[in-house]
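To start, the structure under review is shown below, and the notes come after it.
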Amino acid sequence: MPLRRPVLATALVTSLVTAVTAVAAGLAGAAAAVPLPPLPLLSPPDSLTVAVSGSGNPAAEGSWKLTCGDRAGSDHPAAERACELLEGFARAGENPFAPVPADRMCAQVYGGPVTAQVTGTWQGRRIDARFSRANGCEIDRWENVEPLLPSIRG
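Quick note: to get the working numbering, add 257 to the position in the sequence shown (first position is 1).
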């Protein structure tokens with residue numbers, strides 16, 4: 258009988274491994290059928306402060322609070338459109354606050370002395386971004402986030 262126990266134990270282990278594999282495959286299939294919500298839903302609402310100066314246009318100058326999500330409290334002049342723009346960047350996996358790469362060739366076009374500082378939280382990340390219109394790349398970067406930043410045309 259000593260030979261039968263290892264055979265029985267081997268059969269039991271094989272059956273157990275097969276059952277666990279089947280259950281795991283079923284759970285994986287169920288997980289694939291119902292995806293988890295994206296991580297930003299677990300983060301607090303986006304909350305940014307936008308400060309613009311040097312434009313020469315009093316309507317475009319100032320500091321505004323922008324809160325996107327369920328929590329109200331924005332005094333940004335184009336809050337709804339700005340939040341829609343930021344949601345689009347998030348869906349596309351793009352970071353609109355990334356600086357222009359230092360090695361990028363930019364047209365030497367001056368868009369004026371206006372600057373903007375954006376600080377706060379977006380998609381669960383701390384944001385501290387500076388915008389200007391010092392050259393073609395910076396002008397494109399600014400215009401890419403309008404209406405978060407005001408439209409400034411020289």
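A virtual CB, placed ideally from N, CA and C, is assigned to each residue, including glycine. Since the structure is predicted, the reported quantities are computational estimates derived from the model, not experimental observations.
Where V402 falls: helix, strand or coil (DSSP):
Taking the first residue of the sequence shown as position 1, residue 402 is located at position 145. Coil at V402, not helix or strand.
At which residues does the beta strand (DSSP E) containing F388 begin and terminate?
Counting from 1 along the sequence shown, the entry for residue 388 is found at position 131. Run containing F388: 382-389, per the beta strand (DSSP E) assignment.
Work out the CA separation of C363 and P334 for me, nearest whole Å.
As a first step, residue 334 must be located in the sequence shown, where it is residue number 77. As a first step, residue 363 must be located in the sequence shown, where it is residue number 106. C-alpha separation (whole angstroms): 30 Å.
Through-space distance from R410 to E395, alpha-carbon basis:
For the purposes of this step, residue 395 is taken as residue 138 along the sequence shown, with counting starting at 1. For the purposes of this step, residue 410 is taken as residue 153 along the sequence shown, with counting starting at 1. So the two alpha carbons sit approximately 13 Å from each other.
Quick check on the DSSP output: the alpha helix (DSSP H) that includes A349 runs from which residue to which?
Residue 349 sits at position 92 when you count from the first residue of the sequence shown. Where A349 is concerned, the enclosing alpha helix (DSSP H) stretches over 336-349.
Endpoints, beta strand (DSSP E) assigned at S310
Along the sequence shown, one-based indexing puts residue 310 at 53. Run containing S310: 303-310, per the beta strand (DSSP E) assignment.
Considering V357, what are the terminal residues of the beta strand (DSSP E) in which it resides?
Here residue 357 corresponds to residue number 100 of the sequence shown, with the count starting at 1. It is not in any beta strand (DSSP E) - V357 carries neither H nor E in the DSSP assignment.
Please state whether DSSP places G319 in a helix, a strand or coil.
The residue given as residue 319 occupies position 62 in the sequence shown. Reduced to three states, the DSSP call for G319 is strand.
Taking only three categories from DSSP, how would you classify G369?
Here residue 369 refers to the residue found at position 112 of the sequence shown. Looking at G369 - three-state DSSP - the assignment turns out to be coil, as it is neither helix nor strand.
May I ask you to list the residues that DSSP assigns as paired with G393?
Numbered from 1 along the sequence shown, position 136 holds the residue referred to as residue 393. Partner(s): none; G393 has no beta bridge.
Three-way DSSP call (helix, strand, coil) for G326 in this model
Translated into the one-based positions of the sequence shown, residue 326 becomes position 69. G326 falls in the coil class under three-state DSSP.
Do V307 and L323 have their beta-carbon atoms positioned less than 8 Å apart in this structure?
Within the sequence shown, the letter at position 66 stands for residue 323. Within the sequence shown, the letter at position 50 stands for residue 307. The answer is yes: Cβ separation under 8 Å.
Report yes if the C-beta distance between F354 and V375 is below 8 Å; otherwise report no.
Working through the sequence shown from its first residue, we reach residue 354 at position 97. Working through the sequence shown from its first residue, we reach residue 375 at position 118. Against a cut-off of 8 Å, the Cβ pair of V375 and F354 comes out as a contact.
Cα-Cα separation between I384 and R390, rounded to whole angstroms
Locating residue 384 in the sequence shown gives position 127, where the first residue counts as 1. Locating residue 390 in the sequence shown gives position 133, where the first residue counts as 1. Per the coordinates, the alpha-carbon of I384 lies some 19 Å from the alpha-carbon of R390.
CB-CB under 8 Å to V366, same chain, minus the five flanking residues each way: which ones, in chain order?
Taking the first residue of the sequence shown as 1, we reach residue 366 at position 109. Only N392, G393, I396 meet the Cβ criterion.
If you draw a straight line from the alpha carbon of L406 to that of A373, how long is it in whole angstroms?
On the sequence shown, residue 406 is found 149 positions in, with the first residue counted as 1. On the sequence shown, residue 373 is found 116 positions in, with the first residue counted as 1. C-alpha separation (whole angstroms): 8 Å.
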